[in-house]
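For reference, the structure is listed below as structure tokens.
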Amino acid sequence: MNNESANLSKEEDDEYVLIDLGDVGRHIDIPSEAPYTLSGLDTLNPTLTIDGKIKLVGEYIETIGTCLAFSESEVSAGENQTAQKLVEPVAKLHKILKFRLASFDKEDEETKTTTA
2 MNNESANLSK EEDDEYVLID LGDVGRHIDI PSEAPYTLSG LDTLNPTLTI DGKIKLVGEY
62 IETIGTCLAF SESEVSAGEN QTAQKLVEPV AKLHKILKFR LASFDKEDEE TKTTTA
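Start counting the sequence shown at 2; every next residue gets the next number (this note's numbering).
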């Protein structure tokens with residue numbers, strides 16, 4: 002297998018997913034520098050724990066068509082020119098991972114999703 006084939010094989014194994022927190026931000030304050038743990042990505046309902054306190058339960062949603070993700074960077078401009086930005090494609094997305102707040106029911110000790 003040549004290097005080009007090996008690179009293509011590796012790219013096919015990578016899968017990008019858009020994480021959608023939806024209305025969660027309206028219900029709770031999420032600190033911008035808070036540590037988080039994303040687990041269970043290979044399950045139907047992955048979990049996202051933020052700052053060890055906030056637990057969210059996710060659900061995969063297939064996109065209609067392909068979503069594209071881009072990166073943006075500043076490009077140095079000349080003295081009399083306005084600053085410019087370079088936008089480049091990063092990945093194609095076929096899934097969205099939409100999260101909802103999870104509630105913990107102490108009676109039967111299971112996590113349930115809450116709807117807004």
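Just so you know, even glycine gets a beta-carbon here, dropped at the ideal spot from N, CA and C. Quick caveat: nothing in here was measured; it's all calculated off a predicted structure.
Residue burial is scored here from C-beta neighbours: Pro-90 has fewer than 16 other C-beta atoms within 10 angstroms and is therefore classed as exposed. With contacts defined by Cβ atoms closer than 8 Å, Phe-100 and Asp-21 form a contacting pair. Annotation: the region 16-85 contains the following complete segments of the beta strand (DSSP E) (minimum length 3 residues), in chain order: 17-21, 37-40, 48-51 and 55-76.
The alpha-carbon separation between Asn-46 and Ile-62 amounts to approximately 11 Å. If the five residues before and after Leu-39 are omitted, its C-beta is found closer than 6 Å to the C-beta atoms of Leu-49, all from its own chain and listed in chain order.
Spatial neighbours of Phe-71 in its own chain (CB-CB distance under 7 Å, excluding positions within 5 residues in sequence) are listed in chain order as Val-88, Glu-89, Pro-90 and Val-91. In this structure, Leu-94 places its C-beta atom within 8 Å of the C-beta atom of Thr-67.
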